[in-house]
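What follows is one structure encoded as structure tokens, with my remarks underneath.
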Amino acid sequence: MARRSKQDALATRKLILDTAERVFARRGVSRTSLQEVAQRAGVSRGAIYWHFKDKAALFEAIMQRVLLPMEQPPPRLAETRGDAIAELRERCIDALARIVADPQVRRVFEIAIHKVEYVDELEAVRDRRREVSRLHLASIERVMLHELGTGMPLRRAEAHAAALGLHSLLEGLIQNWMLDPSAFDLVEVGTRVVDTYLAGLGLARTAALPGLAKADGKTVASAAAATGRAVHQ
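So the numbering used here is basically just the index in the sequence shown, starting at one, shifted up by 2.
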């Protein structure tokens with residue numbers, strides 16, 4: 003009986019999370035009350051408060067169910083130069099592929115970016131999201147310092163700028179694609195954009211476009227222009 007009760011509780015918790023996620027995505031977090039979530043889930047408000055302290059706790063639980071593109075674990079700093087960048091590149095492309103393939107990841111990403119106002123009880127959630135983003139950015143920065151620090155010495159500020167550029171590039175690609183998924187192929191164009199960006203940093207030797215590794219500035223510029231055309235087609 004106790005085991006059955008635990009299973010029922012877990013099922014109810016999942017039902018509440020699934021329902022809240024859909025309602026938040028449609029109406030926004032601020033405009034959605036816990037009463038509305040309860041009604042749509044077919045449970046009482048008491049059931050919601052049994053599992054979640056408040057709306058902020060419910061929202062945070064939704065966020066924790068998926069790994070967003072900007073929250074992936076950092077690549078290992080391998081002894082062989084180039085390996086960490088190759089892994090970072092692979093993770094960037096994998097993040098784009100997951101956005102395309104997983105509706106839940108897309109939905110939660112959209113809620114976190116466009117459907118929530120981080121005020122009142124959600125301020126603490128915002129602070130935690132900021133910390134996650136800061137740690138992710140710092141991990142990319144460490145890779146940049148590791149890979150570029152010997153052949154092309156970088157001050158920490160320059161490594162930070164390079165990391166922030168890649169972070170912003172990925173987020174911008176995803177947001178633009180989500181506005182109109184028919185505008186361009188996120189994985190195909192995203193791969194070209196990432197490779198072109200790494201080429202500009204002198205790191206294209208690990209990219210899937212080997213021509214960029216040997217390219218002069220004109221070739222890199224041509225690739226960037228081609229990528230820009232693809233995005234706007």
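Heads up, the beta-carbon is just placed ideally off N, CA and C, and yes, glycines get one too.
Starting from residue i, trace the alpha helix (DSSP H) both ways and give me its first and last residue.
i: Ala165; result: 158-181
i: Thr198; result: 188-202
i: Arg47; result: 47-53
i: Asp96; result: 85-103
i: Glu38; result: 36-43
i: Glu62; result: 57-66
Less than 6 angstroms separating the Cβ of residue i from some heavy atom of the ligand FAD?
i: Asp56; result: Inclusion of the ligand FAD in the displayed structure is not the case, the ligand content being empty and no account of it being possible.
Please return the same chain residues whose Cβ sits closer than 6 angstroms to the Cβ of residue i, not counting the five positions on each side in sequence.
i: Pro212; result: Here the model assigns Pro212 a pLDDT of 43, short of 50, so the residue's position is not dependable, and the following value carries that caveat. There are no such residues.
Judging by CA-CA distance, which residue of the options is the nearest neighbour of residue i?
i: Gly204; options: Leu181, Glu149, Gln106, Ser35; result: Glu149
i: Leu12; options: Ile50, Val127, Phe61; result: Ile50
i: Ala22; options: Lys55, Glu190, Leu60; result: Leu60
i: Gly238; options: Met146, Asp10, Glu190; result: Coverage of the chain is limited to positions 3 through 235, which leaves residue 238 absent and any answer about it impossible.
i: Met180; options: Pro105, Ala161, His162; result: Pro105
Please list, in chain order, all residues of the same chain as residue i whose beta carbon is under 7 angstroms from its beta carbon, the five residues on each side excluded.
i: Met1; result: Because the chain spans 3 through 235 in this model, residue 1 falls outside it and cannot be assessed.
i: Ser46; result: Ala40
If you drop the 5 nearest sequence neighbours on each side, which residues of the same chain put their C-beta closer than 8 angstroms to that of residue i?
i: Glu123; result: Asp56, Lys57, Ala58
i: Leu98; result: Pro71, Leu172, Leu175, Ile176, Leu188, Val189, Gly192, Thr193
i: Val25; result: Thr34, Glu38, Val39, Arg42
Worksheet item: Do three or more CB pairs link the segment 86-97 to the segment 139-150 at distances below 8 angstroms?
Response: yes
Item to complete: State whether the segment 125-135 contacts the segment 104-111, with contact taken as three or more CB pairs (one from each stretch) at a distance under 8 angstroms.
Response: no
Discussion item. Quick test of the definition: if touching needs 3 or more C-beta pairs under 8 angstroms, does the segment 115-129 touch the segment 185-194?
Written reply: no
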